[in-house]
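Visitor:
Numbering (the UniProt record's numbering), first residue to last: 1 to 198.
Below, the structure written as structure tokens:
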């Protein structure tokens with residue numbers, strides 16, 4: 001497949017003019033849209049096609065109340081008001097799926113199982129990538145995002161993942177952004193400060 005560069009408008013929507021939103025309209029995000037998100041982000045690459053990310057879309061009032069006590073004080077109001085909050089987590093036993101998801105390397109799952117530290121590193125790295133793909137997929141569908149840390153992972157995991165197999169990585173508020181909640185846009189490092197060509 002020979003791809004062409006995206007239009008300037010598409011690049012703006014994904015990167016240049018896209019913002020981290022702290023405030024959203026009350027327009028709901030329906031299940032069909034959440035399924036569309038998954039249909040896009042699932043195609044992003046991960047090591048050995050391991051796909052360790054697991055996402056919980058927190059949407060109901062009951063689930064929001066369960067999430068609330070795990071949040072840092074500065075994240076409570078915006079998260080409670082967001083139409084959806086995605087808990088981007090990882091499956092600590094992602095390698096159980098490798099036989100079907102990466103058949104090119106028989107036995108890969110057993111190698112990860114024998115190396116718990118390496119498995120957790122892969123899971124965290126891969127779920128972070130997949131969470132970034134989720135953000136870009138949301139932007140591509142016209143949604144806005146507010147990714148954040150600022151939560152007590154042990155409390156969140158106890159509330160949502162009590163069996164310990166899934167573990168939280170970060171959160172993303174999702175909806176249609178209200179720019180009145182945006183801070184002035186922060187600068188970005190220059191090529192010279194952030195990149196080396198060797």
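Glycine residues also receive a C-beta, built at the ideal position from the N, C-alpha and C atoms.
1) If you draw a straight line from the C-alpha of residue 166 to the C-alpha of residue 58, how long is it?
2) Using the C-alpha atoms, what's the distance from residue 11 back to residue 160?
3) Does the separation of the CB atoms of residue 41 and residue 136 fall below 9 angstroms?
4) Could you tell me the alpha carbon to alpha carbon distance between residue 125 and residue 55, rounded to whole angstroms?
5) Could you pull the start and end residues of the beta strand (DSSP E) that residue 154 belongs to?
6) If you follow the beta strand (DSSP E) that residue 141 is in, where does it begin and where does it stop?
7) Tell me whether residue 15 is buried or exposed, calling it buried when 16 or more other Cβ atoms sit within 10 Å of its Cβ.
8) Determine, using beta-carbon pairs with one atom in the segment 74-90 and one in the segment 143-152, whether at least three such pairs fall under 8 angstroms.
9) Measure how close the beta-carbons of residue 68 and residue 181 come, nearest whole angstrom, since I'm counting them as under 8 angstroms.
10) Could you check where the alpha helix (DSSP H) with residue 109 kicks off and where it finishes?
11) Residue 191 lies in the alpha helix (DSSP H); which residues open and close that run?
12) Can you tell me whether residue 85 is helix, strand or coil according to DSSP?
13) Using only the alpha-carbon positions, how far apart do residue 53 and residue 97 sit?
14) For the pair the segment 99-114 and the segment 17-31, tell me if three or more CB-CB distances fall below 8 angstroms.
15) In the DSSP assignment, find the unbroken beta strand (DSSP E) run with residue 53 in it and report its ends.
16) Tell me which residue opens and which closes the alpha helix (DSSP H) that residue 34 is part of.
17) Note down, in chain order, each residue of its chain lying with its Cβ closer than 8 angstroms to the Cβ of residue 34, except the 5 sequence neighbours on either side.
18) Relative to the C-alpha of residue 19, which candidate in 150, 164, 140 has its C-alpha closest?
19) Short of 7 angstroms in beta carbon distance, which residues of its chain neighbour residue 128, apart from the five on each side in sequence? Order them along the chain.
Guide: The structure says:
1) As a first step, residue 166 is located in the chain shown; it is residue number 166 there, counting from the start. As a first step, residue 58 is located in the chain shown; it is residue number 58 there, counting from the start. One C-alpha to the other measures close to 15 angstroms.
2) Against the chain shown, residue 160 aligns to sequence position 160. Against the chain shown, residue 11 aligns to sequence position 11. Looking at the two C-alpha atoms, the distance is approximately 35 angstroms.
3) Residue 41 sits at position 41 when you count from the first residue of the chain shown. Residue 136 sits at position 136 when you count from the first residue of the chain shown. Contact: yes.
4) Position 125 of the chain shown, counted from the first residue, corresponds to residue 125. Position 55 of the chain shown, counted from the first residue, corresponds to residue 55. Whole-angstrom Cα-Cα distance: 15 angstroms.
5) Taking the chain shown and counting its residues from 1, the one referred to as residue 154 is at position 154. From DSSP, residue 154 is part of no beta strand (DSSP E) but of the alpha helix (DSSP H) over 153-160.
6) Position 141 of the chain shown holds residue 141. Note, residue 141: premise wrong, no beta strand (DSSP E); not H, not E.
7) Residue numbering aside, residue 15 sits at position 15 when the chain shown is read from its first letter. Of the other Cβ atoms in all chains shown, fewer than 16 fall within 10 Å of the Cβ of residue 15; this residue is therefore exposed.
8) Yes, they touch.
9) Along the chain shown, read from residue 1 onward, the residue named residue 68 stands at position 68. Along the chain shown, read from residue 1 onward, the residue named residue 181 stands at position 181. Actually they do not touch by this definition, with Cβ atoms about 19 angstroms apart.
10) Position 109 of the chain shown, counted from the first residue, corresponds to residue 109. Annotation for residue 109: the continuous alpha helix (DSSP H) segment containing it runs 108-113.
11) Working through the chain shown from its first residue, we reach residue 191 at position 191. In the DSSP assignment, residue 191 falls within the alpha helix (DSSP H) that extends over 191-194.
12) Residue mapping note: residue 85 aligns to position 85 of the chain shown, counting from 1. Strand, per DSSP.
13) Sequence index remark: in the chain shown, residue 53 carries index 53 (1-based). Sequence index remark: in the chain shown, residue 97 carries index 97 (1-based). Their Cα atoms are separated by approximately 12 angstroms.
14) Short answer: they don't touch.
15) By 1-based counting over the chain shown, the position of residue 53 is 53. Run containing residue 53: 53-58, per the beta strand (DSSP E) assignment.
16) Position 34 of the chain shown, counting from 1, holds the residue named residue 34. That run of the alpha helix (DSSP H) goes 31-41.
17) Translated into positions along the chain shown, residue 34 becomes position 34. 57, 84.
18) Position 19 of the chain shown holds residue 19. In terms of CA proximity to residue 19, 140 leads the group 150, 164, 140.
19) Within the chain shown, numbered from 1, the residue matching residue 128 stands at position 128. Cβ-Cβ distances below 7 angstroms link residue 128 to 169 in the same chain, with the five nearest sequence neighbours on each side left out; the list follows chain order.
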